[in-house]
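Taking it in order: structure first as structure tokens, then the write-up.
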Amino acid sequence: MEDALWAQLQNTGLEEHDDKDRIEQETDEEETDEQTNEEEEQFSFPHEERVDGPQTGPKGVKADRDFHELNKLIANKKAINEYNARMISKAPMTTTYLDDEREELLVLQHDELKYVREQRLKQLKRERDQKVFGTVTTIGIDEYAEVIDEEESKGIPVIVHLFDEQLEKCRVLDQYLTSLSNKYALAKFVRISAVELDFDLVESPAILGYKNGILIANLVRMIDLVGARFDIEEIEDLLLRNGALSEKDLYDLPTSYNEAY
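Residue 1 is where the sequence shown starts when you use full-length UniProt numbering, and the numbers rise one by one after that.
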């Protein structure tokens with residue numbers, strides 16, 4: 001009988017011990033669940049969980065409004081963060097408005113300078129290839145036709161002075177033509193003996209003007225056009241009015257070139 005009583009006491013102790021372990025285990029699980037819930041609440045956005053459809057009643061309407069406002073706020077914040085991230089990633093590859101304007105200005109300045117340089121080079125080439133005379137050349141009768149023909153295709157005007165050194169007016173005219181040949185250096189000025197041509201000047205200097213091989217100014221009775229007491233301005237005007245010269249024939253010769261003649 002004592003053995004039976006002792007066995008009952010042992011069973012009762014074991015049951016109490018098991019109950020104690022079970023209670024402690026349940027207590028630990030509850031504490032763990034509470035801690036997990038606290039952590040979730042700490043790192044979650046504070047809002048009420050929606051588990052059903054739209055709410056009704058004043059409180060339900062307010063809850064719906066708050067719920068949608070919260071979702072809108074979250075969406076806007078997400079969009080802003082994404083935009084900022086894109087801008088930050090593009091920053092090293094983009095420039096400011098002023099930088100773009102400065103770059104465009106530099107390109108324009110470069111293009112303008114390039115254009116001016118090209119035009120200047122073309123002008124220098126034209127001047128280099130251009131035939132410049134700047135003086136009155138004496139020719140013989142056998143050169144007469146050749147002098148006119150060689151300038152025919154180039155459009156260079158040829159001014160021919162039928163010269164007789166015995167006539168004072170011819171000597172005066174020759175001085176004026178020498179000065180005009182310096183001013184209109186792109187035109188060819190020549191003198192030829194009227195006696196050698198067997199041409200009677202009849203006491204009047206004579207000028208013939210050719211262009212493209214064609215006689216365009218026949219001024220054999222010059223004093224009838226400008227008078228016996230003519231000056232260089234009248235001679236220049238006479239040649240311009242009759243098309244023997246033009247402003248295109250003007251050329252500024254270097255001083256050293258003029259002094260050489």
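By construction, the Cβ of each residue, glycine as well, lies at the ideal position given by its N, Cα and C atoms. Source: prediction; values computed, not measured.
CB-CB length for residue i against residue j, believed under 8 Å
i	j	result
residue 262	Val190	Nothing in the structure corresponds to residue 262, since the chain is present only between 1 and 261.
Leu225	Leu238	6 Å
Ile159	Glu196	Not confirmed; about 18 Å, so no contact.
Candidates the options, of which the one nearest residue i by Cα
i	options	result
Leu162	Gln109, Leu201, Ile223, Ile216	Leu201
Ser153	Asp174, Leu225, Gly213	Gly213
Tyr251	Ile80, Lys77, Gly134, Asp142	Gly134
Lys248	Leu186, Val147, Glu146	Leu186
Cys170	Ile223, Gly243, Ala244	Ile223
Ile216	Gly227, Ile148, Lys78, Arg229	Ile148
Whole-angstrom distance between residue j and residue i, CA atom to CA atom
i	j	result
Gln109	Ser179	43 Å
Ala75	Glu69	10 Å
Asn182	Ser193	22 Å
Ile80	Phe67	20 Å
residue 287	Glu112	In the structure as shown, the chain begins at 1 and stops at 261. Residue 287 is therefore absent and cannot be evaluated.
Glu49	Glu82	Low local confidence applies: a pLDDT of 48 at Glu49 is under 50, so the model's placement there is unreliable, and no value is given.
Asp174	Tyr144	18 Å
Phe43	Ala85	Below a pLDDT of 50, predicted positions are generally treated as unreliable, and Phe43, at 42, falls in that range; the measurement from the model is reported next regardless. If I take the Cα positions, the gap works out to 23 Å.
Reduced DSSP secondary structure (H/G/I, E/B, other) of residue i
i	result
Ala244	coil
Ala187	coil
Asn212	coil
Ile156	coil
Leu173	helix
Ala79	helix
Residue environment, residue i, which counts as buried when at least 16 other CB atoms sit within 10 Å
i	result
Ile235	buried
Ile156	buried
Lys188	buried
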